[in-house]
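Note that the numbering used here has the sequence shown beginning at 1170, numbered continuously upward. Glycine is no exception: its CB is placed at the ideal position from the N, C-alpha and C atoms.
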Amino acid sequence: MLGRRSRQAPSILSATVRQYAQANPATATGSSAGSGSLAQTESGDAEEAGATERVVNLQLLERNLLESKLMDAASGTHRGDAAGLTIDPGIPLDELVVRVKRDYQQRFGRAPQWLAAAPGRVNLIGEHTDYNEGFVLPMAIERYVVVAAAEVTGAAGEAEVGLHSCLLNQSERCQVGASDFRKLAPWARYVYGVMVGCGEQGLAPPALEVLIDSTVPLGGGLSSSAALEVATATLLEAVTGKSLDPIRKALLCQKAEHHYAGMPCGIMDQFTSVLGQASHLLLLDCRSTEVQLVPLADPDVEVLIINTNVKHELTGSEYPLRRSQCETAARTMGVRSLRDASPALLAEFSASLDPVLQCRARHVIGEIERTEMAAQCLAAGQWARLGELMYASHASLRDDYEVSCQELDLLVELAQKHGAGGKVIGSRMTGGGFGGCTVSLVRKNHLEAVAAAIGTDYRQQTGIAPSLFTTRPAQGAQIVRG
Ligand code: ADP
Ligand code: MG
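And the structure:
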């Protein structure tokens, strides 16, 4: 613990969350969110926040409410008394495909000609290392974006593409390569960017009507954005009958996110959505793009994902800021990226490197090492050591990289408390941070009890119902036939 950052105890929540809980009784616990619930006990904090932050928080509140509905829609969960206490079984891919075909028929009066699916991902360890050319250890999850399309014949001029997102209940139209993408809704820019990139690779689409549905929660750190991009690229492979080299495909999708969605993400998300393998994690070297498959086939170990159902990122600038801090730290130490730095090198620069940059670099250097060790532990079945690495990763993200939040910290603390005695192997935040999900490895015979205990305590202390689900490592993107 560095003591540099004045971290509040997990029992104190920010104004954002308090507002969220009060304005969203369906996700709070009604009267049980009363005494003892942080949702109501910390009402004095609002004065501490500046006026600007309050405005942003109100905007965030609206977004949280919308995303909460969307997360429910994606998971098919109906929030009630049991919300946040039970594990959501989710919707299998074949059922989602049936739903998409039905919705397509209803909306366009005919069956789709092509369908493609791409999974979200969860990262077991190796956070914020991908854009530092380090290692990550993700797996694809059994939550998917499915896209369906049919050709519009007789369309004049430029091929026009119609897009409809079932989750957002929004439609857009564009001409691939000829529209001003800034005029499109933000969600449509991901699709547009991928279509432009595919066009550059000789997979330009004809005029299409496209329908998009999904079971990946939006903005939850499970990479709905990459799933959307990769599903779109896979759809165009089906439409054009041409295939993309998998790595080129992942890079093309990453480029779309950089250029058209304005998010300078690393390669992990798109890579995992393309290359995911059933029963395996991917140890991905983000410098060489080499992948080693690491089996996760122990039937006694479950991957439990818990969504805090909050998102605190105020401006969206934190991620690019971390990225540029890492680049500055690497430059100062005279290395190409933090992949090439070591604890000893960092110590050499302790006098000349800004303290914040030292913390950022320490996280990345340590996390790259932890990730390689975690892959070895997983392969050797050294669960206790793997758990220690996961908890250490969380502490580093919280204290050195400062991308956690109180809700994520609370979930990890609860996993540690209720998982004592080996019931929970390890737990940490996953994804970019500031909300979203934790990932935990849990012993199968304790899964239900541990999940219920964490869910109950989290809901009681925050007034927010979490979403819980388990997943096996899933196969990457696929064209859906028949
Ligand atoms: P994450 O990738 O962690 O879910 P991001 O903020 O990177 O979070 O991406 C979420 C964005 O991706 C959404 O706000 C939306 O613009 C887009 N998106 C993802 N899935 C869909 C979908 N099914 N329909 C429309 N837009 C989607
Ligand atoms: Mg994303």
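Same chain, Cβ closer than 6 Å to residue i, neighbours up to 5 away in sequence not counted
i     : result
E1482 : F1603
P1468 : none
T1198 : Confidence is the limiting factor: at T1198 the pLDDT is only 27, short of 50, which leaves the residue's position unreliable, though a coordinate-based value still follows. Excluding positions up to five away in sequence, the list reads R1628.
V1611 : E1471, L1473, V1593 and V1619
R1176 : Reliability fails at R1176, whose pLDDT of 30 lies under 50, so the model's placement of it is uncertain and no value is given.
Q1585 : none
T1458 : I1416
H1587 : V1619, A1622 and I1623
Q1191 : Reliability fails at Q1191, whose pLDDT of 28 lies under 50, so the model's placement of it is uncertain and the value that follows must be treated cautiously. For Q1191, where only same-chain residues beyond five positions count, there are no Cβ hits under 6 Å.
Spatial neighbours of residue i in its chain, beta-carbon cut-off 7 Å, leaving aside the 5 residues before and after
i     : result
A1510 : A1499, M1502, V1504, A1530 and I1534
S1334 : W1356 and I1381
M1559 : I1294, G1595, S1596 and R1597
G1591 : R1612
E1541 : F1304
8 Å Cβ cutoff met for residue i and residue j
i     : j     : result
L1555 : I1594 : yes
E1329 : A1376 : yes
G1605 : N1476 : yes
G1331 : R1312 : no
Q1631 : I1256 : This sequence places Thr at residue 1631; Gln is not what is there. Not in contact: T1631 and I1256 (Cβ atoms no closer than 8 Å).
I1633 : V1479 : yes
A1286 : V1315 : yes
V1654 : A1318 : This structure does not reach residue 1654, given that the chain is present from 1170 up to 1651, and the question cannot be answered.
V1305 : L1397 : no
N1301 : C1422 : no
I1260 : L1391 : no
L1337 : L1372 : no
P1307 : L1450 : yes
E1118 : L1579 : The requested residue 1118 is not part of the displayed model; the chain covers only 1170 to 1651.
Alpha-carbon to alpha-carbon, residue j and residue i
i     : j     : result
S1135 : Q1551 : This structure gives no information on residue 1135, because the portion of the chain shown stretches from 1170 to 1651.
V1572 : S1493 : 15 Å
R1641 : E1264 : 17 Å
V1525 : P1374 : 47 Å
T1649 : S1412 : Sequence inspection shows Val at residue 1649; the Thr mentioned does not correspond to that position. Distance between the alpha carbons of V1649 and S1412 is about 14 Å.
A1520 : S1636 : 45 Å
L1583 : T1298 : 26 Å
E1327 : M1364 : 14 Å
Y1570 : W1283 : 43 Å
L1514 : S1506 : 13 Å
K1418 : V1385 : 20 Å
I1436 : L1254 : 34 Å
S1394 : A1549 : 33 Å
I1537 : T1322 : 51 Å
L1490 : M1432 : 11 Å
V1608 : L1420 : 26 Å
S1486 : G1278 : 43 Å
R1539 : H1532 : 10 Å
Spatial neighbours of residue i in its chain, beta-carbon cut-off 8 Å, leaving aside the 5 residues before and after
i     : result
Q1644 : P1288, A1309, G1445, Q1446 and A1447
N1614 : D1469
Worksheet entry | beta strand (DSSP E) runs wholly inside the segment 1278-1359, at least 3 long, in chain order | Those beta strand (DSSP E) runs which fall completely within the segment 1278-1359 and span 3+ residues are 1283-1292, 1307-1320, 1329-1334 and 1339-1344.
Worksheet item: Which runs of the alpha helix (DSSP H) fall wholly inside the segment 1539-1570 and span at least 4 residues, in chain order?
Response: Runs found: 1552-1568.
Fill in: Cβ contact check for the segment 1616-1628 and the segment 1392-1410: 3 or more pairs under 8 Å
A contact between stretches requires three or more CB pairs, one per stretch, nearer than 8 Å, and the segment 1616-1628 fails this requirement with the segment 1392-1410.
Item to complete: Kindly confirm or deny that the segment 1344-1363 and the segment 1427-1446 touch, where touching means at least three C-beta pairs closer than 8 Å.
Response: When C-beta atoms of the segment 1344-1363 are compared with those of the segment 1427-1446, three or more pairs fall below 8 Å, so the two segments count as touching.
Worksheet item: Which full runs of the alpha helix (DSSP H) of 4+ residues lie inside the segment 1364-1409, going along the chain?
Response: Within the segment 1364-1409, the complete alpha helix (DSSP H) runs of at least 4 residues are 1393-1409.
Item to complete: Please list the segments of the alpha helix (DSSP H) lying wholly inside the segment 1563-1643, counting only runs of 4 or more residues, in order along the chain.
Response: Taking only runs of at least 4 residues, the alpha helix (DSSP H) segments lying wholly in the segment 1563-1643 are 1575-1587 and 1616-1631.
Worksheet item: What are the complete alpha helix (DSSP H) segments, minimum 4 residues, inside the segment 1471-1527?
Response: If we require 4 residues or more, the alpha helix (DSSP H) runs fully inside the segment 1471-1527 come out as 1487-1501 and 1512-1517.
Worksheet item: In the segment 1419-1454, which residue ranges form an unbroken alpha helix (DSSP H) of at least 4 residues, counting only runs that do not cross its ends?
Response: For the segment 1419-1454, whole alpha helix (DSSP H) runs of length 4 or above, ordered along the chain, are 1437-1444.
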